[in-house]
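Numbering (this note's numbering), first residue to last: 39 to 162.
Heads up, the beta-carbon is just placed ideally off N, CA and C, and yes, glycines get one too.
Worksheet: one structure, shown below.
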């Protein structure tokens, strides 16, 4: 079983999800078996203003471990990540980073702020 350990920068308790990537999709947002798909399907909210269509950066996560077990990023994901404010490498878009290895152990950090929160805080 694959595992994703989720750490929240806002101080919420850490969560561990165990799942079979072959059972994807778990939800219907992002690519099947993506970090976004797995988190939503297991009751963990991850902002995704564009619906998981690789058109924004609100679902970005920081991959602290197991990044080599995720699908490779493509040019459209890299281009979007280049525009994300306050991004900390190694970052991926949750909607695009698919868990492909059934024995993967991935550690992701959910950043405290998303673009939507930053815009609303500044009256945008």
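Local Cβ density within 10 Å of residue 67, reported as buried at 16 or more and exposed below that: Position 29 of the chain shown, counting from 1, holds the residue named residue 67. Within a 10 Å sphere around the beta-carbon of residue 67 sit 16 or more other beta-carbons, which makes this residue buried.
Are the stretch 50-57 and the stretch 106-113 touching, with three or more C-beta to C-beta distances below 8 Å? Cβ pair count under 8 Å is below three, so no.
In this structure, does DSSP put residue 154 in helix, strand or coil? The residue you call residue 154 lines up with position 116 of the chain shown. In this predicted model, residue 154 has a pLDDT of only 45, less than 50, meaning its place in the structure is not dependable enough to derive any value.
Measuring straight from C-alpha to C-alpha, what distance separates residue 91 and residue 79? The count along the chain shown starts at 1 and reaches residue 91 at position 53. The count along the chain shown starts at 1 and reaches residue 79 at position 41. Approximately 17 Å between the Cα atoms of the pair.
Those runs of the beta strand (DSSP E) which lie wholly inside the stretch 93-140 and span at least 3 residues: List check, beta strand (DSSP E) in window: 98-103 and 129-131.
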